[in-house]
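**Student:** To start, I am sharing the structure in question, which I have written as structure tokens.
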Amino acid sequence: MSVGKIKEFDMSEGNWRAYGDRMEMYFMANAVKEELKLPILIASMGDAAYELLSDLASPKKPSALEYELVMEMMLNHLDPKPSLLAERYRFRQRRQEPSEKVQEYVAGNDGDRSATGPLHPLNPTNTSSTTPDATLDLKRA
């Protein structure tokens, strides 16, 4: 008898990283063997997700792949890493709004903490300009 239920992955609103975490917990709770993980994933992921996986795996069939590779392919497609150039552009375009206090402005410039790699504009080891070309209005502090 299995513990828990696996829902179909919702392509329109779903978070693949969270879905993968839940699958791992399901596999642990039910002591699923490694060779059964991929068939269970494919059987439970839903039509739209399976079509995407088929496209990503082409010319191979999804069933010919390893479980870890399938999880990585889907994650890379559904939750790609943010573009460094786009993040840097957004960071540098940020301006303090007239009604915005300094604390709010600085908090708004914190960006995505998960993207703070060595070249991220917020990383202190990055030697390029890391502050927007705006001056803070300290009167609104």
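Residue numbering for the sequence shown follows the UniProt record's numbering, starting at 1 and increasing by one per position. Virtual Cβ for every residue (Gly too), placed ideally from N, Cα, C.
1) Considering only the alpha carbon of each residue, which of Ala-107, Val-3, Leu-75 and Tyr-67 lies closest to Met-11?
2) Between the alpha carbons of Tyr-67 and Lys-37, how many angstroms are there, rounded?
3) Are there any heavy atoms of the ligand MG lying less than 7 Å away from the beta-carbon of Asp-55, as far as the coordinates show?
4) Please return the same chain residues whose Cβ sits closer than 6 Å to the Cβ of Ala-48, not counting the five positions on each side in sequence.
5) Just the Cα atoms here: how many angstroms apart are Arg-22 and Met-71?
6) Could you compute how far the alpha carbon of Gly-46 sits from the alpha carbon of Ala-86?
7) Does the distance from the C-beta atom of Glu-3 to that of Ala-43 stay below 8 Å?
8) By the 10 Å Cβ neighbour count, where 16 or more other Cβ atoms means buried, how is Leu-84 classified, buried or exposed?
9) Counting only the same chain and skipping the five closest in sequence on each side, list residues whose C-beta sits under 8 Å from that of Pro-39.
**Tutor:** On the basis of the coordinates in this document:
1) Start at 1 with the first residue of the sequence shown, and residue 11 comes out as number 11. Residue Leu-75 is the option with its Cα nearest to Met-11.
2) Reading the sequence shown from its first residue, position 67 is the one you call residue 67. Reading the sequence shown from its first residue, position 37 is the one you call residue 37. So the alpha carbons of these two residues sit roughly 6 Å apart.
3) Ligands displayed in this structure: none; no statement on the ligand MG is therefore possible.
4) Position 48 of the sequence shown, counting from 1, holds the residue named residue 48. Cβ neighbours of Ala-48 beyond the five flanking positions: Met-11.
5) Sequence index remark: in the sequence shown, residue 22 carries index 22 (1-based). Sequence index remark: in the sequence shown, residue 71 carries index 71 (1-based). Cα to Cα, the separation comes out at about 12 Å.
6) Along the sequence shown, read from residue 1 onward, the residue named residue 46 stands at position 46. Along the sequence shown, read from residue 1 onward, the residue named residue 86 stands at position 86. Cα to Cα, Gly-46 sits roughly 33 Å from Ala-86.
7) For the purposes of this step, residue 3 is identified with residue 3 of the sequence shown, where counting begins at 1. For the purposes of this step, residue 43 is identified with residue 43 of the sequence shown, where counting begins at 1. Reading off the sequence shown, one finds Val at residue 3, where the question assumed Glu. Contact flag unset, no.
8) If you number the sequence shown from 1, residue 84 lands on position 84. Exposed is the call here.
9) Start at 1 with the first residue of the sequence shown, and residue 39 comes out as number 39. For Pro-39, where only same-chain residues beyond five positions count, the Cβ hits under 8 Å are Ser-63.
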